[in-house]
Amino acid sequence: MVQVPASHHAFPHGRAGSGLLAHIAVAKFHENLPLYCQAAIYAGDGVALATSTRSGWLVGTAATSRRLTELLRREVIGGSDVLHGDDTPIPVLMPGTGKTSIGRLWTYVRGERTHGGARPLATMLFASPDRWDEPPAPAPSGLLRRFGGRRLRRH
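Counting from 1 along the sequence shown, just add 459 to a position and that's the residue number in my numbering.
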């Protein structure tokens, strides 16, 4: 008997291939389709995929892509002469309460072309559950200047 080698999986002990993982992540984060809604769609097609399974796959996908995320962060934030930054308030569901609090979506754009640079635009997003003294991905010292707004301290 000869056994065919197992196909490559995106992360250890994960059974889903990269295409399915990408499909689930895009449906959740780009198309705003919660995992429980995805479960109903898959069930309608005769595929039983528990929400907890897909949730674990998303965690594994995030862990696997962490290295790529760090490289992108260094490219956008660390290697830029011109960096635009902004934070946007977003509702964040507080576990177990059914209520929301105000979190932040931090956006950084490397925009050197508007200042005569040759590098293309690049964008990086980070989320935080509240507004900290410093954004979750701090820029090199002195790179960002504040032109209004205020910083809040965590108590």
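No residue lacks a Cβ here, since even glycine has one placed at the ideal position from N, Cα and C.
Margin query: Can you find the residues in the same chain that come closer than 7 angstroms, C-beta to C-beta, to A507, ignoring five residues on each side of it along the sequence?
Written below: One-based indexing of the sequence shown puts residue 507 at position 48. Closer than 7 angstroms at the Cβ level, and outside the excluded window around A507, lies no residue.
Next item on the list: State whether the region 565–585 contacts the region 518–537, with contact taken as three or more CB pairs (one from each stretch) at a distance under 8 angstroms.
Entry: yes
Next item on the list: Taking the CB atoms as reference points, tell me whether T428 and P550 lie closer together than 9 angstroms.
Entry: Not covered by the structure: residue 428. The range shown for the chain is 460 to 614.
Next item on the list: Please go through the same chain and pick out, in chain order, the residues whose beta-carbon is closer than 8 angstroms to the beta-carbon of F470, but skip the five residues on each side of it.
Entry: To locate residue 470, count along the sequence shown from 1; it is residue 11. Cβ within range, chain order: G519, T520, A522 and T523.
Check: Is the region 537–547 touching the region 481–495, taking contact as three or more C-beta pairs under 8 angstroms?
Finding: no
Checklist line | Identity of the residue in G562, A475 and I536 nearest R569 by Cα | finding: For this step, residue 569 is matched to residue 110 along the sequence shown. Comparing Cα-Cα distances from R569 to each of G562, A475 and I536, the minimum goes to I536.
Item checked: Assigned exposure category for R526 - 16 Cβ within 10 Å defines buried -> The residue you call residue 526 lines up with position 67 of the sequence shown. Exposed, since its Cβ has fewer than 16 Cβ neighbours within 10 Å.
Notebook entry, point to check: If Q497 and I483 are in contact, beta carbons under 8 angstroms, what's the gap, nearest whole angstrom?
Noted result: One-based indexing of the sequence shown puts residue 497 at position 38. One-based indexing of the sequence shown puts residue 483 at position 24. At roughly 7 angstroms, the Cβ-Cβ gap stays under 8 angstroms, so Q497 and I483 are in contact.
Checklist line | Status (buried if at least 16 other CB within 10 Å, exposed otherwise) for R513 | finding: Locating residue 513 in the sequence shown gives position 54, counting from the first residue. Label assigned to R513: buried.
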